[in-house]
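Trainee: Here the sequence shown stands for residues 500 to 655, numbered as in the working numbering.
Below is the structure I would like to discuss, written out as structure tokens.
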Amino acid sequence: MVLNNCQIVFGCRLLLQHCIQKKYFTLAVLNEGIRDIDLGYNESKNQPTEISTTSLAKDEKLGQRAAQSWCLTVNLPLLVGGLIPEEDLQYRCYLLLLAILSISMAMTVTPDDACLLSSMIDDDHRQFRELYKDESITPKMHYMVHLPSQLLSFGP
500 MVLNNCQIVF
510 GCRLLLQHCI
520 QKKYFTLAVL
530 NEGIRDIDLG
540 YNESKNQPTE
550 ISTTSLAKDE
560 KLGQRAAQSW
570 CLTVNLPLLV
580 GGLIPEEDLQ
590 YRCYLLLLAI
600 LSISMAMTVT
610 PDDACLLSSM
620 IDDDHRQFRE
630 LYKDESITPK
640 MHYMVHLPSQ
650 LLSFGP
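Structure representation (structure tokens):
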């Protein structure tokens, strides 16, 4: 799989840093949401742990195990999405990344899906470069450009 957990959590960490810096919410508010969210029986083992200031600053996994960071990443809009202005470009970029994730994890993929995915990945990389000028597109992020053709050739 070309799209991996590290890329997704990297995007999550950058968004959280941005939102806290913009004062959309505090780390305490985020951690309260993490403590209080009911993920149901199937995801209870993957309940994210609270995020420390240190892990937010430099930890690629945000102090989480892989399953926890995945759970945090996909549920982040439920936790704090209502606190982030709809027009926030970093949040829109993050939602685009989640949409890419959704298509790439689909049980079936059509040629139209692959074409849409290709366009979405191009948009994601363009937005990332514009929004996060101090960050680099990593090799793992670049590998995403190959995902549409791989999905068509090998299936989901």
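Every residue gets a Cβ at the ideal spot worked out from N, C-alpha and C, and that includes glycine.
Keep in mind that this is a model prediction, so the values were computed, not measured.
Once you ignore the five residues that flank Gln555 on each side, which residues in its own chain have a CB closer than 8 Å to its CB?
Mentor: Residue numbering aside, residue 555 sits at position 56 when the sequence shown is read from its first letter. Note that residue 555 is Leu in the sequence shown here, rather than Gln. Contacts found: Arg512, Leu515, Gln516, Ile519, Leu526 and Leu561.
Trainee: Can you find the residues in the same chain that come closer than 7 Å, C-beta to C-beta, to Val501, ignoring five residues on each side of it along the sequence?
Mentor: As a first step, residue 501 is located in the sequence shown; it is residue number 2 there, counting from the start. Because Val501 sits at a pLDDT of 48, beneath the cut-off of 50, its placement in the model cannot be relied upon, and the following sentence gives the value as read from the coordinates. Only Tyr642, Met643, His645, Leu646 and Gln649 meet the Cβ criterion.
Trainee: Quick check: the segment 538-553 against the segment 561-571, are there 3 or more CB pairs under 8 Å?
Mentor: yes
Trainee: On a Cα-Cα basis, can you pick out the residue from Val508, Ile599 and Gln589 that is closest to Lys557?
Mentor: The count along the sequence shown starts at 1 and reaches residue 557 at position 58. Of the candidates Val508, Ile599 and Gln589, the one whose C-alpha sits nearest the C-alpha of Lys557 is Val508.
Trainee: The alpha helix (DSSP H) that contains Gly532, what's its start and end?
Mentor: Counted from its first residue, the sequence shown places residue 532 at position 33. Leu526 to Asp535 is the extent of the alpha helix (DSSP H) around Gly532.
Trainee: Quick one: give me the first and last residue of the alpha helix (DSSP H) that Met643 is part of.
Mentor: Working through the sequence shown from its first residue, we reach residue 643 at position 144. Note, Met643: premise wrong, no alpha helix (DSSP H); not H, not E.
Trainee: Below 7 Å, is the gap between the Cβ of Leu630 and the nearest heavy atom of the ligand ZN?
Mentor: Because no ligand of any kind appears in the structure shown, any question about the ligand ZN cannot be addressed here.
Trainee: What would DSSP say about Ala565, mapped onto helix, strand or coil?
Mentor: Position 66 of the sequence shown, counted from the first residue, corresponds to residue 565. Three-state result, Ala565: helix.
Trainee: So, at 6 Å on beta carbons, what are the nonlocal neighbours of Gly532 in its own chain, with the 5 sequence-adjacent residues on each side left out?
Mentor: For this step, residue 532 is matched to residue 33 along the sequence shown. So the list reads Leu578, once near-sequence residues are dropped.
Trainee: Helix, strand or coil, according to DSSP, for Thr572 in the structure here?
Mentor: Residue numbering aside, residue 572 sits at position 73 when the sequence shown is read from its first letter. It is helical.
Trainee: Counting Cβ pairs closer than 8 Å, one from the segment 624-638 and one from the segment 589-600, do we hit at least three?
Mentor: yes
Trainee: How close, in whole Å, do the beta carbons of Pro610 and Leu651 come, if the pair is a contact with beta carbons under 8 Å?
Mentor: The count along the sequence shown starts at 1 and reaches residue 610 at position 111. The count along the sequence shown starts at 1 and reaches residue 651 at position 152. Correct: roughly 6 Å between the Cβ atoms.
Trainee: Count the other C-beta atoms from every protein chain shown that fall within 10 angstroms of the C-beta of Thr572, then say buried if there are 16 or more, exposed otherwise.
Mentor: Position 73 of the sequence shown, counted from the first residue, corresponds to residue 572. By the 10 Å Cβ count, Thr572 comes out buried.
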